[in-house]
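Novice: Supplied in structure tokens, the structure appears directly below.
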Amino acid sequence: MPIERTLTIIKPDAVAAGHIGDIIKILESNRFNIVAARRVALSKRQAEGFYAVHRGKPFFESLTNFMSSGPVLVMVLEGDNAIARLREIMGATNPANAAAGTIRKLYATSIERNAIHGSDAPESAAFEISYFFPGLDLL
Ligand code: ADP
Ligand code: MG
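Per my numbering, residue 2 is the first one in the sequence shown, and the count goes up by one each step.
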């Protein structure tokens with residue numbers, strides 16, 4: 002399996018609920034290495050830029066309000082097959098559909114307030130890593 006880098010965000014709901022440590026524990030026990038991390042209070046504009054692919058969707062306005070409602074922890078993770086594996090341990094977007102033991106099953110409270118973001122493909126990982134960590138190697 003290829004070593005990859007992917008971007009994750011511990012979202013405002015999970016930061017506010019005190020789950021940063023719980024989520025990092027899960028990431029580390031799944032053999033992800035944290036290669037960069039920043040705690041950021043996203044502006045509405047920054048949230049809109051990050052989620053530009055969703056502009057025009059019915060949930061865009063609410064999502065970008067939520068993502069700029071409080072601090073987040075943004076991290077670049079590295080590991081074997083990191084992009085797909087992170088998506089697996091995150092669980093489905095809607096926690097009602099998330100598998101037992103996934104981060105969203107454990108910590109999400111709604112389809113919007115779902116605790117964690119993860120890049121969904123190599124192209125989005127490249128865009129998202131550069132968005133928060135310009136100049137960092139993408140691998
Ligand atoms: P994922 O984060 O699983 O990749 P998407 O990229 O489809 O999911 O959506 C981005 C984020 O937008 C989701 O994580 C969630 O916070 C929010 N979202 C997605 N779909 C909905 C929806 N139907 N209603 C409210 N919020 C949504
Ligand atoms: Mg997505």
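Note that the Cβ used here is the ideal one computed from N, Cα and C, for glycine as well.
Go to ALA1, then tell me how far its beta strand (DSSP E) extends in each direction, as first and last residue.
Specialist: Within the shown structure, residues of the chain are numbered from 2 to 140, placing residue 1 beyond reach of any answer.
Novice: Report the option in SER70, GLY19, LEU8, SER63 whose CA atom is closest to the CA atom of VAL36.
Specialist: The sequence position of residue 36 within the sequence shown is 35, counting from 1. It is LEU8.
Novice: Please state whether the Cβ-Cβ distance between LEU137 and GLU5 is less than 8 Å.
Specialist: Position 136 of the sequence shown holds residue 137. Position 4 of the sequence shown holds residue 5. Not a contact, by the Cβ cut-off of 8 Å.
Novice: Which word fits SER120, buried or exposed, when buried means at least 16 other C-beta atoms lie within 10 angstroms of its C-beta?
Specialist: Taking the sequence shown and counting its residues from 1, the one referred to as residue 120 is at position 119. Per the 10 Å Cβ criterion, buried.
Novice: Assuming ARG114 is part of the beta strand (DSSP E), what are its boundary residues?
Specialist: Counted from its first residue, the sequence shown places residue 114 at position 113. From DSSP, ARG114 is part of no beta strand (DSSP E); its letter is neither H nor E.
Novice: Under 8 Å, Cβ to Cβ, is there at least one residue of chain B near GLU62?
Specialist: Any reference to chain B falls outside this structure, which holds one protein chain only.
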